[in-house]
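Novice:
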Amino acid sequence: MACGTHATEQAKAHRRGWREGYESGSESSARFSKSRIERLEQRVEELEEQLDSTRRVYEVNGCQVVEVGGYGYRWHGNEPLEVGDRVLLPENYVSRIKNGLGPMVGVVDKLGTTYRGSLSDIAGRAPAVGKDD
126 MACGTHATEQ
136 AKAHRRGWRE
146 GYESGSESSA
156 RFSKSRIERL
166 EQRVEELEEQ
176 LDSTRRVYEV
186 NGCQVVEVGG
196 YGYRWHGNEP
206 LEVGDRVLLP
216 ENYVSRIKNG
226 LGPMVGVVDK
236 LGTTYRGSLS
246 DIAGRAPAVG
256 KDD
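FYI, the numbering for the sequence shown is 126 to 258, going by this note's numbering.
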């Protein structure tokens, strides 16, 4: 048997050891979980890219197909569009409410699309923007 002083010190040491072990285990588990999540997210991204590349079409009925704002559009122009090109998109009911009548400006995000429904036509190239705009 230990005296009251040593018993108290022994109990404190036991609690401190238990707490430190618990914290160490929790931190290790959190690091492992974070690492696992990052690996899974990377794998999902790789698989999505593979699926996208197998389903993506770049031409429909002789017209180039691009994505603007996440939506697929056809381009009838002579010069192919590139990512970053500004284009005039046809007016729709949402753009009419937000921007008024007439075409709206968009930027080509991706070449090709995975969308399989009907596509709207791009109205034309948008005017170039100067450095001061």
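By construction, the Cβ of each residue, glycine as well, lies at the ideal position given by its N, Cα and C atoms.
Using CA atoms only, rank isn't needed, just tell me which of 152, 209, 237 and 250 is closest to residue 203.
Specialist: Considering only alpha carbons, the answer is 250.
Novice: What residue from 244, 191, 218 and 140 has the CA that sits closest to residue 211's CA?
Specialist: 191
Novice: Could you tell me the boundaries of the alpha helix (DSSP H) in which residue 193 lies?
Specialist: Premise fails: residue 193 lies in the beta strand (DSSP E), 188 to 193, not in any alpha helix (DSSP H).
Novice: Would you report the Cα separation of residue 156 and residue 195, rounded to the nearest angstrom?
Specialist: Taking the straight line from one Cα to the other gives about 35 Å.
Novice: Just the C-alpha distance for residue 172 and residue 165, rounded to the nearest angstrom, thanks.
Specialist: 10 Å
Novice: Taking the beta carbon of residue 238 as the centre, do at least 16 other beta carbons fall within 10 Å, making it buried, or is it exposed?
Specialist: buried
Novice: Tell me whether residue 227 is buried or exposed, calling it buried when 16 or more other Cβ atoms sit within 10 Å of its Cβ.
Specialist: exposed
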